[in-house]
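For reference, the structure discussed in these notes is given below.
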Amino acid sequence: MAPQVPDNITRKVTDADPHLDEDLAAWWDDNSALPRLTLLGPVGARTRGKAMIDRKPYFTEVLAYLALRPHGATADETADAFNITTAKCRDYIGRCREWLGTNPRSGQPHLPHASKAPAAQTRGGNIYQVVDVLVDADLFRRLRARAQARGGTEGIEDLRQALKLVQGPPFTQLRRGGWAWLASGDRVDQHMVCAIVDVAHIVATHELRNDNPTQARIAAEVASLAAPHEEIPALDLAAVASAEGHHGEAVRLLQTQVCDRTDNPDAMPGDLPDRTQQILDRHRWLDREKAG
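Numbers given in the numbering used here equal positions in the sequence shown, counted from 1, plus 198.
Set out below in structure tokens:
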């Protein structure tokens with residue numbers, strides 16, 4: 199975790215997001231007045247506006263659709279995403295606006311009327327856009343960006359904070375029959391899985407190099423929780439087990455989660471990727487078990 203980033207670039211990146219620490223603190227504050235949308239695990243939302251009596255999973259999906267569009271969406275785009283009429287869309291947006299409540303930072307709705315949204319000025323026309331809604335996936339990406347700009351100890355701490363946001367496989371427990379727009383878009387759900395695995399691997403590698411297997415295990419277990427079928431978390435957990443002197447555990451992980459793993463119980467395990475084979479050859483975990 200030591201990128202060669204010029205000081206002026208580091209300053210530009212950190213200065214571009216001056217409220218990151220404030221937003222992160224608000225995320226963990228149970229008394230925060232800001233709405234919070236959870237996507238890095240079972241999807242859910244916490245708001246301070248009018249209580250949602252029914253169809254909360256549906257309106258959570260509406261909120262997620264808008265929150266994942268930093269430049270907002272038109273009524274036609276939103277109606278098309280949810281296969282509803284624009285009239286019904288306007289009605290649902292109104293209910294979502296009441297549910298989110300008033301933004302304590304501005305005194306305006308978190309979901310402004312379409313003509314008053316910030317994006318209405320930049321895009322032109324009427325735009326639905328949420329403002330000051332905290333999203334764990336967004337905080338994760340912001341922490342990762344700052345970590346890459348900072349590097350070193352501060353960068354690793356940002357990555358640790360990012361991993362704390364992960365509660366399970368991203369985008370789970372979705373509304374049945376919904377979220378079709380997620381599969382037809384940029385697949386942020388899949389991008390977040392890859393991002394979590396990547397961040398956890400950096401942290402685990404850093405901690406192992408600094409003789410801190412406990413923290414390395416925590417990072418690798420987060421990645422394994424978010425991406426149980428990925429090889430990298432299994433390899434990291436094997437490295438942790440080996441560093442702790444638990445070579446038998448390392449071998450069992452490699453055999454069950456890497457070498458003999460198959461997504462189809464009736465199929466034979468496939469050949470290992472070249473990169474995985476190189477890692478096994480370099481560390482010789484399996485050879486040591488045979489020798490012992």
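Note that CB positions come from ideal geometry on N, CA and C, so glycine has one too.
Just so you know, these numbers come straight off a predicted model, no measurement behind them.
{"query": "List the residues that DSSP assigns as beta-bridge partners of A271.", "result": "Y326"}
{"query": "Just checking my contact of H404 with I354 at CB under 8 Å: how many whole Å lie between their CB atoms?", "result": "5 Å"}
{"query": "Give me the Cβ distance between V395 and P431, rounded to the nearest whole Å; I'm assuming they're in contact under 8 Å.", "result": "6 Å"}
{"query": "If contacts are defined as beta-carbon pairs under 8 Å, then L261 and C294 qualify, I think. What distance do you get, rounded to the angstrom?", "result": "6 Å"}
{"query": "G353 by DSSP, collapsed to three states: which one?", "result": "helix"}
{"query": "Who pairs with L332 in a beta bridge, going by DSSP?", "result": "R234"}
{"query": "Quick check: Y326 and T276, are their CB atoms within less than 8 Å of each other?", "result": "yes"}
{"query": "Taking 7 Å as the limit between beta carbons, can you name the residues of its chain near A448, skipping five residues before and five after?", "result": "A436, A439, S440 and W483"}
{"query": "State whether the region 346-361 contacts the region 313-325, with contact taken as three or more CB pairs (one from each stretch) at a distance under 8 Å.", "result": "no"}
{"query": "Since P471 sits in a beta bridge, which residues does DSSP pair it with?", "result": "P471 is not bridged to any residue."}
{"query": "Quick one: Cα of G305 to Cα of A335, how far?", "result": "25 Å"}
{"query": "Do L451 and I400 have their C-beta atoms within less than 8 Å of each other?", "result": "no"}
{"query": "So what's A214 in DSSP terms, helix, strand or just coil?", "result": "coil"}
{"query": "Is the separation between the beta-carbon of A421 and that of A398 shorter than 8 Å?", "result": "yes"}
{"query": "So A425 and A402 are in contact, right, with Cβ under 8 Å, and what is the actual spacing, rounded?", "result": "The pair is not a contact, with the Cβ atoms about 13 Å apart (cut-off 8 Å)."}
{"query": "Mark E220 as exposed unless 16 or more other C-beta atoms lie within 10 angstroms of its C-beta, in which case mark it buried.", "result": "exposed"}
{"query": "List in chain order: all unbroken alpha helix (DSSP H) runs of 4+ residues lying wholly within the region 262-316.", "result": "273-280 and 284-298"}
{"query": "Would you identify the three-state DSSP class for W483, choosing helix, strand or coil?", "result": "helix"}
{"query": "Check whether the Cβ atoms of G247 and L298 sit closer than 8 Å, and answer yes or no.", "result": "yes"}
{"query": "Apart from the five residues just before and just after V333, which ones in its own chain have a Cβ nearer than 6 Å to its Cβ?", "result": "L235 and A265"}
{"query": "Please state if the CB of P233 and the CB of V331 are separated by a distance shorter than 8 Å.", "result": "yes"}
{"query": "So R288 and A273 are in contact, right, with Cβ under 8 Å, and what is the actual spacing, rounded?", "result": "6 Å"}
{"query": "Relative to the C-alpha of C457, which candidate in L433, H444 and H445 has its C-alpha closest?", "result": "L433"}
{"query": "Assuming Y263 and A279 are in contact, meaning their beta carbons sit under 8 Å apart, how far apart are those beta carbons, in whole angstroms?", "result": "6 Å"}
{"query": "If we count the other Cβ atoms within 10 Å of its Cβ and call it buried at 16 or more, is H308 buried or exposed?", "result": "buried"}
{"query": "If we call anything under 8 Å between Cβ atoms a contact, is A315 one with G242?", "result": "no"}
{"query": "Go ahead and pull the three-state DSSP assignment for P240.", "result": "strand"}
{"query": "Where does the unbroken alpha helix (DSSP H) through E442 begin, and where does it stop?", "result": "Element bounds for E442: n/a, residue is neither H nor E."}
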